[in-house]
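In my numbering, the protein residues as written are 2 to 145.
The C-beta atom is built at its ideal place from N, Cα and C for all residues, glycine as well.
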Amino acid sequence: MDFGSVGIQKQRALLQKMQELEIKEEDIEEKFILSRGKGGQRRDRKATCVYLKHLPTGIEVKCDRERSQAINRFLARRMLVEKIEELKLGQEAEERKRLAKIRKQKRKRSKRTKEKLMRLKRIRKEKKQARAFKPDLTELECNE
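Below you can see the structure in the form of structure tokens.
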């Protein structure tokens with residue numbers, strides 16, 4: 002399996018990871034699809050988008066990040082391996098929990114920030130009102 006301009010070390014690392022997770026090439030269904038986006042006529046003529054499906058797990062991956070089909074094949078396999086690894090090790094649930102916790106913290110933070118901004122706005126308003134010109138009533142009465 003050759004991935005063109007992808008480095009040999011990266012290819013070996015991917016193959017080793019596939020062996021560790023017991024992923025066989027026969028278990029992977031590979032299709033090439035016409036991709037969309039930048040690239041002009043060349044992309045219109047060549048099927049650079051790679052679609053992979055791991056038959057035992059049913060996990061599907063689609064990659065059209067690069068203009069080169071060979072690089073997309075490598076990237077798609079790497080994405081597939083990562084997804085299978087998450088599935089086997091159960092890291093996905095932990096990762097989701099961690100991200101949900103961060104989102105919740107950001108919501109609290111933004112709420113506090115809004116409250117602080119409103120407080121500062123109120124203070125500025127009071128300062129402006131204090132500076133506003135207020136004619137002295139005694140002077141007005143004297144002039145009449």
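C-beta atoms of residue i and residue j nearer than 9 Å
| i | j | result |
| --- | --- | --- |
| Arg68 | Thr49 | yes |
| Val51 | Lys84 | no |
| Lys11 | Glu86 | no |
Residue environment, residue i, which counts as buried when at least 16 other CB atoms sit within 10 Å
| i | result |
| --- | --- |
| Ala131 | exposed |
| Phe134 | exposed |
| Leu76 | buried |
| Leu121 | exposed |
| Arg108 | exposed |
| Leu118 | exposed |
| Arg110 | exposed |
| Leu90 | exposed |
| Arg74 | buried |
Residue(s) in a DSSP beta bridge with residue i
| i | result |
| --- | --- |
| Lys32 | Tyr52 |
Contact belief for residue i with residue j at Cβ below 8 Å, rounded distance in angstroms
| i | j | result |
| --- | --- | --- |
| Ile60 | Ser6 | In fact, because the Cβ distance is near 26 Å, the residues do not count as touching under 8 Å. |
| Lys47 | Gln70 | 7 Å |
- prompt: Are three or more beta carbon pairs between the segment 85 to 102 and the segment 28 to 39 nearer than 8 Å?
  reply: The segment 85 to 102, when compared against the segment 28 to 39, does not touch it at the 8 Å Cβ threshold.
query: Is it true that the segment 17 to 28 meets the segment 52 to 63, where meeting means three or more beta-carbon pairs spaced less than 8 Å apart?
result: The segment 17 to 28 vs the segment 52 to 63: in contact.
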